[in-house]
Amino acid sequence: MDDLVYDDPVYATLHGGFHVVPGHFAYHAAPDHDAIFEHFASAETDWRAFAKAVRRANRPNTKVLYFLRHAEGEHNAAKIRLGPEVWFRDVAITNEFLDARLTAKGEAAAASAAARMKYELQMGLPLEKIILSPLRRTLQTGTTVFATEIGKVPFVAMELCRETIGVHTCDKRSPITEMAALFPMVDFSDIAENDDGLWQPDKRESLEEIQARAVQFLKHVYENVPETFIAITSHVGFIGACLRVLEQTEYRLDNCEIVPVVIQYTEPSKSPRKRVA
């Protein structure tokens with residue numbers, strides 16, 4: 063990759079002026095399956111100290127995002143059972159797993175994560191808003207994991223944080239009227255079209271396109287979401303794109319895994335010039 067600089071328009075397209083604030087969470091490769099964040103440890107002594115540290119920075123452009131990947135879906139299980147070659151060639155393009163729902167294993171994992179989340183929230187984990195991809199599996203996961211917060215904080219569905227769009231029917235969403243009936247605790251008013259007008263049977267987003275969408279999503283959060291502590295229930299492809307935008311340690315999240323990041327935004331043209339390899 064050629065050297066880029068922060069005020070280079072190519073860099074701005076790839077990274078959008080977002081960066082992770084260091085010192086709050088430390089990444090560790092070996093997972094701790096009993097922790098709420100399996101691969102990250104907080105540098106603070108407790109969650110109240112963490113919230114104070116974030117607010118003490120007195121920077122209105124600071125956001126704390128908890129990225130939650132959905133629990134195991136029927137399409138995930140089918141891909142493992144059939145193998146990637148058969149899945150992509152013969153199954154992913156059929157309607158068998160259209161807007162895939164969670165498996166029993168996925169539902170159990172979400173319930174287990176909900177118990178851990180309930181404990182951490184009782185211990186002071188700050189959370190003010192929950193944004194969800196409007197696909198069935200993310201709605202199932204998010205409303206389960208954050209069940210104790212229903213009626214306390216807003217649950218909002220947003221098209222920008224859905225999985226890679228196109229070709230694979232598991233990533234085609236159901237009509238909003240259907241999802242709104244199943245998940246009345248979620249606000250779908252930000253989604254204009256009832257049917258999925260973004261999904262196309264013969265065109266799938268490229269890595270560059272989903273990364274550009276990740277930048278668009280993060281900018282939308284900064285410009286339209288006043289809350290600081292936000293959970294985002296999404297997908298491995300989209301979360302991976304966000305991690306690339308943030309130049310964060312990237313790895314393939316397990317189903318129902320949460321990655322926390324503290325981020326800030328600076329207009330690319332106003333950022334200090336800094337070369338990256």
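Under this note's numbering, think of the first position of the sequence shown as 63, with each following residue one higher.
Every residue gets a Cβ at the ideal spot worked out from N, C-alpha and C, and that includes glycine.
- The Cβ-Cβ distance between residue 186 and residue 109 falls below 7 Å.
- Nearest neighbour of residue 253 by Cα position, chosen from 222, 272 and 280, turns out to be 222.
- Linking residue 106 to residue 214 through their CA atoms gives a straight-line distance of about 25 Å.
- By the C-beta criterion, the region 265-273 is judged to be in contact with the region 226-233, since at least 3 inter-stretch pairs fall below 8 Å.
- Beta-bridge pairing by DSSP links residue 124 to 326.
- Your pair residue 130 and residue 207 checks out as a contact, with CB atoms roughly 6 Å apart and the cut at 8 Å.
- Taking C-alpha positions only, residue 88 is separated from residue 321 by approximately 11 Å.
- Rounded to whole angstroms, the gap between the alpha carbons of residue 244 and residue 163 is 12 Å.
- DSSP places residue 174 inside the alpha helix (DSSP H), whose first and last residues are 166-184.
- Taking a contact to require three or more Cβ pairs closer than 8 Å, the region 135-142 and the region 153-162 qualify as touching.
- Among the bridge pairs identified by DSSP, residue 82 is matched with 325.
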